[in-house]
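Residue numbers (the numbering used here), protein chains in the order written: chain A, 12 to 167; chain B, 51 to 278; chain C, 125 to 611. Report on the following structure.
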Amino acid sequence: MTMNPPDLITILIVGGIGLVAIGAVGMAVSRHLLRLVLALALAEAGVNLLLVLAGYRWDAVAPILTGAAVTRPMVDPVPQALVLTAIVIGVGVQALAVALMIRVREAYGTLDIRELKTRVEQDICGAAGIAPPESANAPGGSQPYPVPVTTSRESA
Amino acid sequence: MHKLASLLFAMGLAALLIGLATQLPLGMTPMGVGQAILERAPGETGSANIVTSVVLAYRGIDTLGELAILFAAATVAGLVLAPSIHAESQARTKPRDDAGLVLRAGSDLLFPLLLAVGFYIVLHGHLTPGGGFQGGVVLAAAFFVSFLARPARQPSHVGVVLIEALAGAAFIGIGLAALLGGGAFLQPLLDQGTLGQLVSAGSLPLLYLAVGLKVGAELSGLLAHLAE
Amino acid sequence: MNALALPVVLPLLAAFLVRPASLVSSGLARWLGPLVLLLCGAMLVDIALLADGQPVSANIGGFAPPLGIVFYADSMALLFAIAVPLFALLLWPREGMREGGDRVSALMLLLVGSGTGMALSGDLFNLYVFYELLAVASFGLVAASGTARAWAATVRYLLISGFGSVLALIGVALIYTQTGTLNLAQLSEFAPERLANPLGLAAFACLLIGFGVKAELFPVNAWVPEVYATAPKRVSALLAGVVSKLAILVVLRLILLVFDLPEARQLLLVLGLIGLVSGELAAWRARDLPRMLAFSSIGQLGLLFMAMSIPGELGLIAALAVALHHLLMKPALFLLAERWSGGLENLAGAGRKAPLAAGLFTLFALSLLGVPPLPGFWAKLVLLLGLGQQDAVLAQAAIFGVLLMAVVEAHYLFRLVGLLYAKTAHDATPHHRGDLAVASLLGLVLLASMPLLPTLAEGLGWMAHQASDVAAYRAAILDSTIPGVAP
Chain A
12 MTMNPPDLIT ILIVGGIGLV AIGAVGMAVS RHLLRLVLAL ALAEAGVNLL
62 LVLAGYRWDA VAPILTGAAV TRPMVDPVPQ ALVLTAIVIG VGVQALAVAL
112 MIRVREAYGT LDIRELKTRV EQDICGAAGI APPESANAPG GSQPYPVPVT
162 TSRESA
Chain B
51 MHKLASLLFA MGLAALLIGL ATQLPLGMTP MGVGQAILER APGETGSANI
101 VTSVVLAYRG IDTLGELAIL FAAATVAGLV LAPSIHAESQ ARTKPRDDAG
151 LVLRAGSDLL FPLLLAVGFY IVLHGHLTPG GGFQGGVVLA AAFFVSFLAR
201 PARQPSHVGV VLIEALAGAA FIGIGLAALL GGGAFLQPLL DQGTLGQLVS
251 AGSLPLLYLA VGLKVGAELS GLLAHLAE
Chain C
125 MNALALPVVL PLLAAFLVRP ASLVSSGLAR WLGPLVLLLC GAMLVDIALL
175 ADGQPVSANI GGFAPPLGIV FYADSMALLF AIAVPLFALL LWPREGMREG
225 GDRVSALMLL LVGSGTGMAL SGDLFNLYVF YELLAVASFG LVAASGTARA
275 WAATVRYLLI SGFGSVLALI GVALIYTQTG TLNLAQLSEF APERLANPLG
325 LAAFACLLIG FGVKAELFPV NAWVPEVYAT APKRVSALLA GVVSKLAILV
375 VLRLILLVFD LPEARQLLLV LGLIGLVSGE LAAWRARDLP RMLAFSSIGQ
425 LGLLFMAMSI PGELGLIAAL AVALHHLLMK PALFLLAERW SGGLENLAGA
475 GRKAPLAAGL FTLFALSLLG VPPLPGFWAK LVLLLGLGQQ DAVLAQAAIF
525 GVLLMAVVEA HYLFRLVGLL YAKTAHDATP HHRGDLAVAS LLGLVLLASM
575 PLLPTLAEGL GWMAHQASDV AAYRAAILDS TIPGVAP
């Protein structure tokens with residue numbers, strides 16, 4: 012497609028998508044909870060940028076009437092309202108994530124997701140009274156289903 | 051292995067999106083709804099800032115949902131961070147010292163300024179860029195700056211809860227008043243006044259005031275909880 | 125009918141006012157929630173009776189769509205809208221510290237308000253906002269159990285859900301750039317020309333995965349087992365039963381109104397099949413009851429997605445049947461799992477100690493499996509018939525998958541039932557009376573639906589017919605098109 016106006020908007024779009032991609036990659040490879048939350052924040056920023064760009068128009072001004080005569084077209088106000096909402100939602104969720112992280116760190120002493128996974132699994136199994144899985148490759152344990160109760164309970 | 055898969059997924063996602071984006075008619079979007087709103091908003095709502103009229107009038111219930119989400123997040127944070135019977139949290143509630151002179155003096159200066167700026171932004175939401183959410187954050191920052199300087203003096207929890215709740219209820223109340231008056235929920239009320247004046251746009255500034263107070267109170271409470 | 129906004133707004137208002145109410149009187153705070161829910165349920169039933177089978181709509185703010193947001197209530201929407209406060213009342217959290225109790229009340233009210241909003245809304249972004257509210261409320265309810273493992277599970281849920289919402293917003297942005305509107309009715313008008321291209325399909329995929337987090341769609345269902353295991357079981361019941369159906373309702377509306385494309389349906393079928401297989405196999409290997417139920421839930425919702433992939437009214441009937449059956453059954457199973465949260469061995473001999481609970485469990489297990497003449501059988505039958513009517517290889521593979529997974533289900537369910545009625549007894553704590561009462565109520569409803577199946581089938585058929593009448597949807601909402609908003 013011929014890019015009539017230029018590259019400004021292309022740069023912005025690629026930037027927005029880039030942010031989302033960085034956020035996604037960050038979420039995929041990070042091991043630390045805080046980095047995951049920050050990557051999510053980046054991705055959300057990227058999407059908000061993309062949304063605002065959805066309302067962009069060439070050579071247009073902000074949709075605010077100042078009493079002067081309106082000669083130039085105005086940008087689409089709807090995506091701006093959408094992004095307002097989306098930003099606030101993102102802030103709320105991030106604040107919540109931080110609060111939870113504080114508690115998790117306090118309880119488990121670590122914010123590494125792999126360690127947390129094993130610890131939480133142990134916790135759940137402990138609460139349920141069953142032996143935790145020996146390794147991630149055999150989450151069912153060596154005996155995947157319960158032994159008939161006629162014999163004494165041997166640990167799996 | 052799992053990381054590799056996620057990495058590939060993310061790369062694929064990026065490639066897909068960039069491929070899509072080059073096809074998007076950005077800059078020349080069919081502005082069906084947007085154009086109609088640009089034409090009708092000043093007449094229908096009396097607000098000079100058209101984005102405000104979208105946020106409060108055309109999509110008022112989205113804003114209500116957004117308020118509720120912020121409220122929910124603050125509530126959950128309060129729930130999660132509620133002081134438990136752990137010994138550790140008891141050890142943490144030792145009295146905190148005030149900060150140094152520079153910070154204290156600075157925060158004393160900033161506090162009224164931030165309040166003024168915050169209220170200005172909130173009240174002029176229908177005239178200039180800004181509005182309840184932006185102003186509310188500035189208001190919360192005012193309280194947080196003073197809290198940083200004097201950690202011992204926290205905003206009163208009861209006050210925060212009351213303002214939060216009553217402001218939120220006021221927003222819904224204004225909307226319900228419209229409903230009870232025979233119109234639809236959240237229909238703009240009151241006289242529209244002249245475009246561009248502070249007192250114009252009917253009930254919209256009132257709605258934004260409620261929003262600003264609510265957000266300010268909420269975030270202050272949230273920050274106070276996090277600091278504990 | 126402007127009163128349609130009230131069942132959504134009043135719970136939100138009550139949620140704001142719960143905590144100050146507790147300053148006035150703690151009794152008021154405790155009963156405010158259930159009373160408001162009762163009121164909203166009554167209002168919805170009243171609306172349903174007044175509407176007399178015709179769809180009703182309400183323009184929020186008095187602005188006609190597509191400029192404003194519209195709430196639309198046909199019989200399908202009303203069904204799910206009524207289910208939200210109803211189940212919230214049934215599954216209202218019991219205990220709790222005084223300070224925490226108010227916040228939990230507020231969160232439940234927010235869940236109900238947003239859930240009702242999701243069922244009734246006719247605007248894409250409004251649906252997104254209510255979906256996020258539902259998400260945050262459910263985070264809170266899960267984390268309310270106060271245990272460290274619940275917090276960790278909530279963080280995982282939050283992260284996956286957050287990424288899902290990023291994708292959903294991308295979908296919204298894509299749709300908006302193509303069509304310039306967010307109103308579902310107007311989108312259904314524009315869709316054939318503007319969204320039936322790869323861009324539209326990508327938008328659908330983004331929206332599907334975004335909204336699919338709550339619907340336990342593969343691949344965004346990694347959060348399910350831990351969350352359902354660590355949350356209070358009533359909350360798990362609410363999430364698995366009601367919340368997932370609301371997310372599915374959104375996807376259903378999208379498929380019916382906007383994305384009536386074969387590729388979209390194929391995507392649903394594939395993801396549903398993978399979800400079914402992975403869920404049931406994981407349930408087979410589960411060693412404690414809550415997670416077994418969680419995996420089984422993933423599997424059942426996979427079935428539901430497969431049902432939605434069937435085009436035409438038959439697909440809708442199948443989807444509604446599976447959804448309603450799951451809605452009745454999963455909360456009851458989770459309630460029974462409240463006291464049986466231990467490992468599966470601990471359930472041995474529970475049939476003796478808690479005969480009612482064991483009997484109910486067996487009943488639900490049989491219906492889940494699909495043993496005639498229980499309702500589960502009929503739901504699966506309609507699904508298989510729908511799949512069988514299609515010629516695609518994928519559909520045939522899907523039928524094979526369903527039957528194979530039914531065998532797997534039978535294996536682990538019968539094993540469980542056998543364990544319940546085994547000879548040696550294990551010390552099991554008795555069930556809470558309230559839980560048992562609600563589970564029995566749901567069981568009764570299940571049994572009562574059996575003789576009423578013909579009428580139910582007719583009702584579902586009519587509901588499906590009404591819901592798939594896209595032209596009527598458009599007419600009801602866009603009856604006075606705004607001049608200047610030309611397609």
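Glycine included, C-beta positions come from ideal geometry on N, C-alpha and C.
Sub-8 angstroms separation of residue i and residue j beta-carbons
i: C:Leu248; j: C:Leu308; result: yes
i: B:Gly186; j: B:Val265; result: yes
i: C:Val620; j: C:Val359; result: Any answer about residue 620 of chain C is impossible in this case: the structure gives chain C only from 125 up to 611.
i: B:Lys210; j: B:Gly128; result: First, the residue type needs correcting, since residue 210 of chain B is Val and not Lys in the sequence shown. Not closer than 8 angstroms, so no.
i: B:Leu120; j: B:Leu257; result: no
i: B:Arg109; j: A:Ala92; result: yes
i: C:Arg273; j: A:Ile75; result: no
i: A:Val104; j: C:Leu282; result: yes
i: B:Ala267; j: B:Ile213; result: yes
i: C:Gly246; j: C:Val208; result: no
i: C:Asn250; j: B:Ile222; result: no
i: C:Ala364; j: C:Phe458; result: yes
i: B:Ala60; j: A:Ala35; result: yes
i: C:Leu381; j: C:Ser312; result: yes
i: C:Ala503; j: C:Val446; result: yes
i: C:Ala474; j: C:Trp464; result: yes
i: B:Leu269; j: B:Ala220; result: no
i: A:Pro22; j: B:Glu116; result: Inspection of the sequence shows that residue 22 of chain A is occupied by Ile rather than by Pro. No; because the gap between Cβ atoms is not below 8 angstroms, this pair is not in contact.
i: A:Val131; j: C:Ala277; result: yes
i: B:Ile87; j: A:Val89; result: yes
As assigned by DSSP and simplified to three states, the class of residue i
i: C:Asn321; result: coil
i: A:Ile75; result: strand
i: A:His43; result: strand
i: C:Ala410; result: coil
i: A:Ile141; result: coil
i: C:Ser181; result: strand
i: C:Phe342; result: coil
i: C:Asp170; result: helix
i: B:Arg90; result: helix
i: C:Arg463; result: coil
i: A:Met85; result: strand
i: A:Arg130; result: helix
i: B:Arg200; result: coil
i: C:Ser421; result: helix
i: C:Leu498; result: coil
i: C:His555; result: coil
Which residues DSSP lists as bridging residue i, in chain order
i: C:Asp247; result: C:Asn307
i: A:Asp123; result: A:His43
i: C:Tyr196; result: C:Ser181
i: B:Asn99; result: A:Ile75
Within-8 angstroms CB hit, residue i to chain D
i: B:Phe235; result: Looking for chain D here will not work: the only protein chains present are A, B and C.
Counting only Cβ-Cβ distances shorter than 8 angstroms, please list the residues of the region 105 to 120 of chain B near chain C, keeping chain order. From the region 105 to 120 of chain B, only Ala107, Tyr108, Arg109, Gly110, Ile111, Asp112, Leu114, Gly115, Glu116, Ala118, Ile119 have a Cβ closer than 8 angstroms to chain C.
Short of 9 angstroms Cβ to Cβ, which residues in the region 399 to 426 of chain C face chain B? Taken residue by residue, none of the region 399 to 426 of chain C has a beta-carbon sitting less than 9 angstroms from a beta-carbon on chain B.
I want to know whether the region 555 to 575 of chain C touches the region 479 to 492 of chain C - three or more CB-CB distances under 8 angstroms. Between the region 555 to 575 of chain C and the region 479 to 492 of chain C there are three or more inter-stretch CB-CB distances shorter than 8 angstroms, so the stretches are counted as touching.
Which residues of the region 124 to 140 of chain A have a Cβ closer than 8 angstroms to any Cβ of chain B? Give them in chain order. Those would be none; no residue qualifies.
Any residues in the region 338 to 364 of chain C with a beta carbon nearer than 8 angstroms to a beta carbon of chain B? Which ones, in chain order? Correct list: empty, as no residue qualifies.
With three or more C-beta pairs closer than 8 angstroms as the rule, is the region 321 to 330 of chain C touching the region 416 to 426 of chain C? Fewer than three pairs of CB atoms, one per stretch, sit closer than 8 angstroms, so the region 416 to 426 of chain C makes no contact with the region 321 to 330 of chain C.
With a cut-off of 8 angstroms, do at least 3 Cβ pairs link the region 156 to 167 of chain C to the region 92 to 99 of chain B? Contact between the region 156 to 167 of chain C and the region 92 to 99 of chain B is absent, because fewer than three Cβ pairs lie under 8 angstroms.
Using 8 angstroms as the threshold, is the region 587 to 599 of chain C in touch with the region 475 to 486 of chain C, meaning 3 or more CB pairs across them? Contact fails: fewer than three Cβ-Cβ distances are below 8 angstroms.
Against chain A: residues of the region 81 to 105 of chain B by CB proximity under 7 angstroms: For the region 81 to 105 of chain B, which is checked against every Cβ of chain A, the residues closer than 7 angstroms are Met81, Val83, Gly84, Ile87, Leu88, Pro92, Ala98, Asn99, Ile100, Val101, Val104, Val105.
Quick check: the region 59 to 75 of chain A against the region 43 to 51 of chain A, are at least 3 beta-carbon pairs closer than 8 angstroms? Between the region 43 to 51 of chain A and the region 59 to 75 of chain A there are fewer than three C-beta pairs closer than 8 angstroms, too few to call the two in contact.
Short of 9 angstroms Cβ to Cβ, which residues in the region 138 to 151 of chain C face chain B? Residues passing the 9 angstroms Cβ filter: Ala139, Phe140, Leu141, Val142, Arg143, Pro144, Ala145, Leu147.
Taking a cut of 8 angstroms between CB atoms, which residues from the region 103 to 116 of chain A lie near chain C? Hits within the stretch, in order: Gly103, Val104, Leu107, Ala108, Leu111, Met112, Arg114, Val115.
Assess contact between the region 53 to 63 of chain A and the region 289 to 300 of chain C, defined as three or more Cβ pairs (one per stretch) separated by less than 8 angstroms. Is contact present? Yes: the two stretches touch, three or more of their Cβ pairs being nearer than 8 angstroms.
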